[in-house]
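Participant:
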Amino acid sequence: MEKDTNRNTHVLQGDDGIGSVQIADEVVAMIASLAAMEVEGVYSLAGKVTNELMSKVGVKSLTRGVKVQVTGSSVKADLALSLEYGYNIPATSQKVQEKVKNAIENMTGLTVTDVNIRIVKVNMEPGRQ
19 MEKDTNRNTH VLQGDDGIGS VQIADEVVAM IASLAAMEVE GVYSLAGKVT
69 NELMSKVGVK SLTRGVKVQV TGSSVKADLA LSLEYGYNIP ATSQKVQEKV
119 KNAIENMTGL TVTDVNIRIV KVNMEPGRQ
């Protein structure tokens, strides 16, 4: 029983006498960004959030470069990434897509229909691999 309660929050479980479970779009975006950053070869999200900074930044910074659209029980995610030089772009992108899809579906119960990746930069700094 999923329905929108407002623009940014979605009901995952309806009122069955115990209560309800709601999830905000920002939470889905945060799950996507954390999953993407776990993939080897991903340097940062488009918002300049690198692995080193992830533990020090807030949710707003963490979700830069990630846009999610939740409609009913379906999720569409768009991620803008910077990759490390030397990694295969199609293979790394596919790993990100799989990781993001699995993380969102396992943690929320929502169905991911699309995970679109846009590569905005390749990091050329030496010694980062």
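Counting in my numbering, the sequence shown runs from 19 upward without gaps. Glycine is no exception: its CB is placed at the ideal position from the N, C-alpha and C atoms.
1. Taking the beta strand (DSSP E) that Ser91 belongs to, which residues open and close that run?
2. From Gly127 to Ser91, what distance separates their C-alpha atoms?
3. Quick check on Ala98: does DSSP put it in helix, strand or coil?
4. In chain order, what residues of the same chain have a beta carbon less than 7 Å from the beta carbon of Tyr103, not counting five sequence neighbours either side?
5. Using a Cβ-Cβ cutoff of less than 6 Å, which residues in the same chain neighbour Glu123 once the five nearest sequence positions on both sides are dropped?
6. For Asn134, which residues in the same chain have their Cβ closer than 6 Å to its Cβ, ignoring the five residues on either side in sequence?
7. Report, in whole angstroms, the separation of the C-beta atoms of Ala54 and Leu99, which I expect to be a contact under 8 Å.
8. What did DSSP end up calling Ala42 once you bin it into helix, strand or coil?
Facilitator: Here's the rundown:
1. Per DSSP, Ser91 belongs to no beta strand (DSSP E) and is neither H nor E.
2. 8 Å
3. strand
4. So the qualifying residues of the chain are Val140, Asn141, Met142.
5. Val130
6. Excluding residues up to 5 positions away in sequence, Asp96 lie with their Cβ nearer than 6 Å to the Cβ of Asn134 in the same chain.
7. Yes, they are in contact, since the Cβ atoms of Ala54 and Leu99 sit about 7 Å apart, within 8 Å.
8. strand
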